[in-house]
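Notes follow the structure.
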Amino acid sequence: MMTFKKTMALAIALPLALGSASALAYGGGKHHNGQGGKGGCGQDDSRMFRQLDLTDAQKAELKDLRQANKENMRSNMAGRYSEMQAQHQKMQQLVLSENFDEAQVRAVAEEMSLQQVERRVAMLKQRHEMMQVLTAEQKTQLQELQADRSEKCQAKIEQRMERKQSN
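All the letters of the sequence shown, read from the start, carry residue numbers -25 to -1, 1 to 142 under mature numbering (1 follows the signal peptide of the UniProt record, and there is no 0).
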């Protein structure tokens, strides 16, 4: 009986966890802990690109890449949303069914995971294309900016944890 409860909890939690991971991977907006958005720890690299000494040609090429990526995302958004809705429906049916079908749950979960992996690969491919616009010196400078941001974020997290522990 405990195995059934654990499996049921997993079947319910898995879509929520995958959806949350996807939202956090996106990194947009403010999160409940104040991270993310402008100036936060979840800041994306595009803001750091402004601190690099880019030529006009590099700026134009990066702008074109961002625009193409934006259009690609918009064109795929409706299809992805309907896929996610269908997967959510499948999970709901499996959770509400009379008998638990672990094989079916695993199949849907694997399908959801594979789609998330594909989205991640596409995102990293886009980042790679943007990095190829930079010179070796600019890449080094960007890495230094990222390391600095990471240190500042770690310090903020540590301060936040200290405040929570003292309260």
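Note that beta-carbon positions come from the ideal geometry of N, C-alpha and C, so glycine has one too.
Helix, strand or coil: how does DSSP classify E93 here?
E93 falls in the helix class under three-state DSSP.
Please go through the region 23 to 105 and give each complete alpha helix (DSSP H) segment of 4 or more residues, from N-terminal end onward.
Fully enclosed alpha helix (DSSP H) runs of 4 or longer: 31 to 71.
Leaving out five residues on either side along the sequence, give the residues of the same chain with a beta carbon under 6 Å from the beta carbon of G9.
Residue placement at G9 is flagged as unreliable, the pLDDT there being 44, under the threshold of 50; a coordinate-derived value is accordingly withheld.
Would you tell me roughly how many angstroms separate the C-alpha atoms of Q113 and F24, rounded to the nearest one?
If you take the alpha carbons of Q113 and F24, they lie about 9 Å apart.
Just the Cα atoms here: how many angstroms apart are L29 and L109?
About 8 Å.
Is DSSP giving Q118 helix, strand or coil here?
In the structure shown, Q118 sits in a helix (DSSP, three-state: H, G or I).
Could you tell me whether the region 89 to 105 touches the region 29 to 45, where touching means 3 or more Cβ pairs closer than 8 Å?
Touching, yes.
Using only CA atoms, which one of R135, L37, V92 lies nearest to H103?
The shortest C-alpha separation from H103 is found at L37.
Quick one: using the 10 Å Cβ neighbour count with 16 as the cut-off for buried, is R22 buried or exposed?
Exposed, by the Cβ-count rule.
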